[in-house]
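This report refers to the structure that appears directly beneath it.
In my numbering, the protein residues as written are 26 to 170.
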């Protein structure tokens, strides 16, 4: 895999890791809006949060290690890395907002409120990150040529 491809992968992993981290810390721990899995007991929800948190940190650590290795080798493609970061963050958030929230119904963003404003905000922010990542990817590929 080239420095460009590894940079894109590292950024994607870091973006997924940050999205999972922010979701876990802000919405699960600080606001107590939901658990990763809300269809069982509170204890099961806490265990599911722990597994989700571990997944997020594993993605972040892998992304940071790739970043460090690319810098050490002098092959870091910064624009590709930032593209991957935005694509990973937006892709994870859109997956969470559509597939996990709506298709699988593992949890909702929040309960006992009108969900539409939360859903729209969550998914629009995800799409904005995906657009930014796509623009950066086009730029990164242009720089390779």
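Backbone N, C-alpha and C fix where the C-beta goes; we use that ideal spot for every residue, glycine too.
Computed from a predicted model, the values in this text were never measured in an experiment.
| Check | Outcome |
| --- | --- |
| Length of the line joining the Cα atoms of residue 117 and residue 93 | 23 Å |
| Span of the alpha helix (DSSP H) around residue 168 | 141-169 |
| Alpha-carbon spacing of residue 46 relative to residue 82, whole angstroms | 7 Å |
| Contacting residues, own chain, Cβ-Cβ under 8 Å from residue 80 (five flanking each side not counted) | 45 |
| Inter-stretch contact (C-beta, 8 Å, three-pair minimum) for the region 98-116 and the region 32-52 | yes |
| Buried versus exposed call for residue 71 [16 or more other C-beta atoms within 10 Å across all chains shown] | exposed |
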